[in-house]
Amino acid sequence: MLRRMPNTTATDAAPQAGGSGNTDAPAVFVARGLCKSYGSGDATVHALRDLDLDILQGEFVVLLGPSGSGKSTLLNILGGLDAPTSGRAAWRDHELTGADEAALTAYRRDHVGFVFQFYNLIPSLTARENVELVAEIARDPMRPEEALALVGLSHRLDHFPGQLSGGEQQRVAVARAIVKRPDALLCDEPTGALDVETGKLVLSAIARANRDVGATTVVITHNAAIAGMADRVLRMGGGRIVAIEPNARRLAPEELVW
Amino acid sequence: MSVLDRKLLRDIRALRGQVVTIALLIGAGVAVLVMSVSSFLSLRGAQQAFYAESHFAEAYAEVERAPRTLLARIAEIPGVALAEGRVTGEARVDWPGAEVPVAGRVLSLPVGGEQPALNRLRLLAGRLPEPTRHDEAVIHAAFAEARGVRPGDEIAVILNGRRERFRITGIAHSPEFVFTSRPGNPLPDDRGFVVLWANEDAVARAFDMQGAFDQVVLTLAPGASEPAVIAELDRLLLPWGGRGAYGRRDQPSHRFLEDELAEQRTLAVTVPLVFFGIAAFLLNVVLGRMVEAQREQVAALKALGYPSFPIALHYAKFVAMICLLGSALGVAAGAWMGAGMLGNYRPFFRFPELPYLLPAWLPLLAAAASFAVALLGVLAALRRILRLPAAEGLRPARPAAFGGRVLGGVGRRLGARAKIPLRGLLGRPLRTLLTVLGIALAVPMVVLGLFWWDAMDSMVELQFDRIERGDAFVALTDPRPSRAVREMARLPGVLAAEGQRIVPVRLRAAQRSRLLALTGLPEGAALRVPRDVDLRPVPIPRHGIALSRRLAERLGVREGDTVQVEVLEGARRVHDLPVAALVEDIIGFTALMEIGALNRLMREDDLVSHVALRVDPLAAEALWQRLAERPRVAATNVKAVWLRVFDEVIAGLVLTSAVTLTGFGVIIAVGVVYNSARVALQERGWEMASLRVLGFTRREVSRILLAELALAVLVAVPLGLVLAQWFVGLILGARDNESFDVPAVISTATFATAALVVLGAALASALVVRRRIDRLDLIAALKARD
Chain A
598 MLRRMPNTTA TDAAPQAGGS GNTDAPAVFV ARGLCKSYGS GDATVHALRD
648 LDLDILQGEF VVLLGPSGSG KSTLLNILGG LDAPTSGRAA WRDHELTGAD
698 EAALTAYRRD HVGFVFQFYN LIPSLTAREN VELVAEIARD PMRPEEALAL
748 VGLSHRLDHF PGQLSGGEQQ RVAVARAIVK RPDALLCDEP TGALDVETGK
798 LVLSAIARAN RDVGATTVVI THNAAIAGMA DRVLRMGGGR IVAIEPNARR
848 LAPEELVW
Chain B
244 MSVLDRKLLR DIRALRGQVV TIALLIGAGV AVLVMSVSSF LSLRGAQQAF
294 YAESHFAEAY AEVERAPRTL LARIAEIPGV ALAEGRVTGE ARVDWPGAEV
344 PVAGRVLSLP VGGEQPALNR LRLLAGRLPE PTRHDEAVIH AAFAEARGVR
394 PGDEIAVILN GRRERFRITG IAHSPEFVFT SRPGNPLPDD RGFVVLWANE
444 DAVARAFDMQ GAFDQVVLTL APGASEPAVI AELDRLLLPW GGRGAYGRRD
494 QPSHRFLEDE LAEQRTLAVT VPLVFFGIAA FLLNVVLGRM VEAQREQVAA
544 LKALGYPSFP IALHYAKFVA MICLLGSALG VAAGAWMGAG MLGNYRPFFR
594 FPELPYLLPA WLPLLAAAAS FAVALLGVLA ALRRILRLPA AEGLRPARPA
644 AFGGRVLGGV GRRLGARAKI PLRGLLGRPL RTLLTVLGIA LAVPMVVLGL
694 FWWDAMDSMV ELQFDRIERG DAFVALTDPR PSRAVREMAR LPGVLAAEGQ
744 RIVPVRLRAA QRSRLLALTG LPEGAALRVP RDVDLRPVPI PRHGIALSRR
794 LAERLGVREG DTVQVEVLEG ARRVHDLPVA ALVEDIIGFT ALMEIGALNR
844 LMREDDLVSH VALRVDPLAA EALWQRLAER PRVAATNVKA VWLRVFDEVI
894 AGLVLTSAVT LTGFGVIIAV GVVYNSARVA LQERGWEMAS LRVLGFTRRE
944 VSRILLAELA LAVLVAVPLG LVLAQWFVGL ILGARDNESF DVPAVISTAT
994 FATAALVVLG AALASALVVR RRIDRLDLIA ALKARD
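In order, the protein sequences belong to chains A and B. Just so we're aligned, residue 598 is where the first sequence starts under this note's numbering, counting upward by one. Just so we're aligned, residue 244 is where the second sequence starts under this note's numbering, counting upward by one.
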């Protein structure tokens, strides 16, 4: 099980990268002194170097940075898929670092929705069934049809992934991620494989999920244009957060230009 | 080493689990081929060498008593190369401590202390009797070994009711006793049956045959017609009480050996064929899927400008490496099993030498066959891949078009998780069919190993529980009036006694004929109960003859047809008799008549030649001794002893085949299930890792992936049981063994064991793959698929 953090609540922690848009909201993701390195000796690669981070409840954060900047590693640690070499990461009052496999699985199952770059749908299940698959293991899911309606796919319920376009497949993936009403929605390059117009449709779906479900949303991208729709943009480089850029006004996905 | 070759070695290392399981499959096919062909060749080689060395006779004739002068005329029959007369007789050996009387046969050696011209003895120890001695004998190696007889030992023998003592001068093998058993007994009983050779004077005196012979053995000139010689021989011997001449084919030892060789030849051809068939098929499934899983690599190679040929060669080498490994394992196992099989034969077949022969071409043939089969298995997959345009191959395989209504109304009530395996199975029906068939084929292998126990049990039950209900069967030295039965019934320990009359006959139907013993049974006989195919007792027909179903098939007659019966004893008349009933038998061929009708046919009185006894078990041993002392008793066959010998001899053989074939069944089940699971994981690891990221537990993901295989196994096992029944029928049908029939009986326990073995092997394979599922790389799932 995830260990409760003694004494430390997200709000007492001195925020180095604290929230800006909605400063009243509590921090849900907290990272302190996070380091992650791969390999050893001369071949050591430092993916994260002593990174501190707070992400507030309901916030829409875009992690921007070139390849190798550490954004995926950070997302993996926040998503309970990877463990830091040193430092701590926590979800609310649950310590993520040091948690065992079963606890991390339960964490992902109960709190996190994932959207992958390559959709990762089950080809033998229809759109509705792919969403239903996650609804089956969730504690308080919405109806799969409802989730698909949120992403604008009510007319494609019974199509198999092979019968859907890339953008449609990604929107099914978003519906699958939000059907469990996740506390956090983690998206790894969700538009990486899509063209502009399709990408915008997917981003609208993600923005709607953030707004309607209230899921704290973290989107990884190397596409700077997406930054406009975030509450805050965290620029990463060399395993650190190099800049924090709050947006005074969040753009709607349709307004994005790239 | 080229880069592709380095890739080959690394692929083999990476896929070692799959490589080994497929190699084992190929190895099993190679092992069966090597085992059966090498043991066949070894047996055949020993037979040919011994027959040639000992001048094994090609035709035989028994006669009541013919003057030696007749031999010159026999030698003049056109087509006869060499003829030799001899005196033979039944012997009873008074062996101290023998639990049942030891039966035997004594044969004369030519005057002058020479080896016979035909059927020469191979002396293992000692020498032939001195030409002048009447009290010296050579003994057959089987009994000598079983009872520890050595040259110089003395042995007491009752010949023609008279007790004689012989000093053993030598121990020998004989081509006519390669297989020795009591007449009518299909299994060797070395402790209970003896063959002795003594000087002609001694044997002739014992049987009152001075200046005469009762058996002639001969060889044929090149190009001679055996039927013509036999017909002429019959004509010459008829006035002297000829009992019908026969060719080498009907010589008991030779026929049993030939039956076994024929069976071994069938095995050498059919079983490896079946096995290679299964292996080819599995390779198609497994290697095909494995190669298919590399489609993106192939496409990349093609995109880089590799021509198709080196790529095809690369995969052919991959297959060749697996075959090489499989063949090496298979040849080693096959040679070991072949040598073991030959060891199993040694108590059955007494050759002076029975060396294990493994000709050099056999491993090469086996390896070539396995490679051909394996290549055939992957050909389709290779062609598909090589035809793939590079660009298409580089994209992930398009998700199969799953028909929306595949599951119909049932689908709507099932959860999404349950639909994944169901759609996986139903969406690719051909692949599913192949996997199911592959697993199903493991079941018959195990059944083929185990069912022999059932068959033997059923054989024993039918023959010794249902048909022959007596405890002992006594052969009289010559036919006696039926009061002999009443006398015997009064012996202490005898609970019931029934007389039988057994006479040698030749049955003819159209062009087919057969020498056999015709048994006359009293009406309502209780100690020998003929039964029909449903095991209901068949009343002994008052008119006509009852034949066993197997015999009727070989003669090509049916109930109601007429057969010609030529009695080869006494007045030797020829009669046409209707086939009045068909009965079941297991050992030898049965022909039955009502005893009165048989005696009338022979124009003889109420005579019996054999007596069946039911015996009080507490008084049995004393009774055997008492019977042994009676001068008119030629031999006593005791059922309990026969059953013990049967158990001893058969148990080892059956155990060997059961263990081997069960092992093969496990290899098949593991081969199919493990490889299917590995390929499924290879193909769908990305999907499964995605589910893990989405919060599915290891157990849930394993269930989803393995449920498809579990369903396949659950369909496959019952199908395998049906196939097993069919395979057993097929293999028994291919048997051509006249000595005994093996009923196609498979017990529930055998079926259950086979099912459990296959389920267990499948489960174990699935567990191994499950460990890999537990180690899925979740982070990779977020990134590009590979």
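Virtual Cβ for every residue (Gly too), placed ideally from N, Cα, C.
- Residues of chain A whose Cβ lies closer than 8 angstroms to the Cβ of B/LYS662 are, in chain order, SER721, LEU722, GLU726.
- The C-beta of A/ASN820 comes no closer than 8 angstroms to any C-beta of chain B.
- The residues GLN714, in chain order, have a CB closer than 6 angstroms to that of A/GLY789 in the same chain once the five nearest residues on each side in sequence are set aside.
- Proximity of chain A to B/TRP969 at the Cβ level (cut-off 8 angstroms) is not reached, the minimal Cβ distance being about 34 angstroms.
- Note on B/LEU463: 16 or more other CB atoms within 10 angstroms of its CB, so buried under the neighbour-count rule.
- Look at the region 725 to 744 of chain A: the residues with a C-beta under 9 angstroms from a C-beta of chain B are ARG725, GLU726, ASN727, VAL728, GLU729, LEU730, VAL731, ALA732, GLU733, ILE734, ALA735, PRO741.
- When secondary structure is reduced to three states using DSSP, B/ILE989 falls in the coil class, being assigned neither helix nor strand.
- The criterion of a C-beta distance shorter than 8 angstroms is satisfied by B/HIS416 and B/PHE594.
- Across the region 917 to 931 of chain B, CB contacts with chain A closer than 8 angstroms involve TRP929, GLU930, in sequence order along the chain.
- Chain B places no beta carbon closer than 8 angstroms to that of A/THR682, leaving this residue out of the contacts.
- Within the model, the alpha-carbon separation for B/GLU388 versus B/ARG406 is close to 24 angstroms.
- Pairing A/GLY655 with A/ILE734, the inter-Cα distance amounts to about 23 angstroms.
- Rounded to whole angstroms, the gap between the alpha carbons of B/VAL781 and B/GLU872 is 36 angstroms.
- Interface with chain B (8 angstroms Cβ-Cβ cutoff): A/LEU675 is excluded.
- Runs of beta strand (DSSP E) with 3 or more residues, each lying fully within the region 311 to 375 of chain B, are found at 323 to 329, 331 to 336, 345 to 352, 365 to 369, listed in chain order.
- Rounded to the nearest angstrom, the gap between the Cα atoms of B/LEU778 and B/GLY742 is 23 angstroms.
- Assignment of B/GLU827 by DSSP, reduced to helix, strand and coil, places it in the coil class.
- About 7 angstroms separates the Cβ atoms of A/ARG778 and A/PRO738, confirming a contact at the 8 angstroms cut-off.
- With a threshold of 16 other beta carbon atoms within 10 Å, B/GLU419 meets it and is buried.
- Take B/ASP378, set aside five residues on each side of it, and the residues of its chain with a beta-carbon closer than 8 angstroms to its own are GLU407, ARG408, PHE409, ARG410, ALA445, in chain order.
- Excluding residues up to 5 positions away in sequence, VAL922, GLN925, GLU926 lie with their Cβ nearer than 8 angstroms to the Cβ of B/ALA536 in the same chain.
- With respect to chain A, the C-beta atom of B/ARG1018 has no partner C-beta closer than 8 angstroms.
- Scanning its chain for C-beta atoms nearer than 7 angstroms, with the 5 sequence neighbours on each side dropped, one finds around B/LEU798 the residues LEU750, ALA752, ARG755, ARG757, VAL806, in chain order.
- A/PRO623 carries a coil assignment under DSSP once its states are collapsed to helix, strand and coil.
- Think of a sphere of 8 angstroms around the beta carbon of B/ARG666: the chain A residues whose beta carbon falls inside it are SER721, LEU722, in chain order.
- With contacts defined as CB atoms closer than 8 angstroms, A/GLY667 and A/ASP649 fail to qualify as a contacting pair.
- Fully enclosed alpha helix (DSSP H) runs of no fewer than 4 residues are not present anywhere in the region 905 to 939 of chain B.
- Rounded to the nearest angstrom, the Cβ distance from B/ALA998 to B/VAL851 is 51 angstroms, too far for a contact under 8 angstroms.
- Here A/ARG689 has VAL625 as same chain residues with Cβ atoms under 6 angstroms from its own Cβ, once five neighbours each way along the sequence are excluded.
- Closer than 8 angstroms at the C-beta level to chain A, one finds no residue of the region 530 to 555 of chain B.
- The bridge partners DSSP lists for B/VAL748 are B/LEU759, B/VAL810.
- The Cβ atoms of B/VAL808 and B/VAL909 do not sit closer than 8 angstroms to each other.
- Under DSSP, B/ASN880 forms a beta bridge with B/PHE716.
- At a beta-carbon threshold of 7 angstroms, none of the residues of chain B lie near A/THR694; the nearest stands roughly 16 angstroms away.
- Proximity of the region 898 to 916 of chain B to the region 979 to 989 of chain B falls short of the contact definition, fewer than three beta-carbon pairs being nearer than 8 angstroms.
- As DSSP reads the structure, B/GLN743 sits in a beta bridge with B/HIS853.
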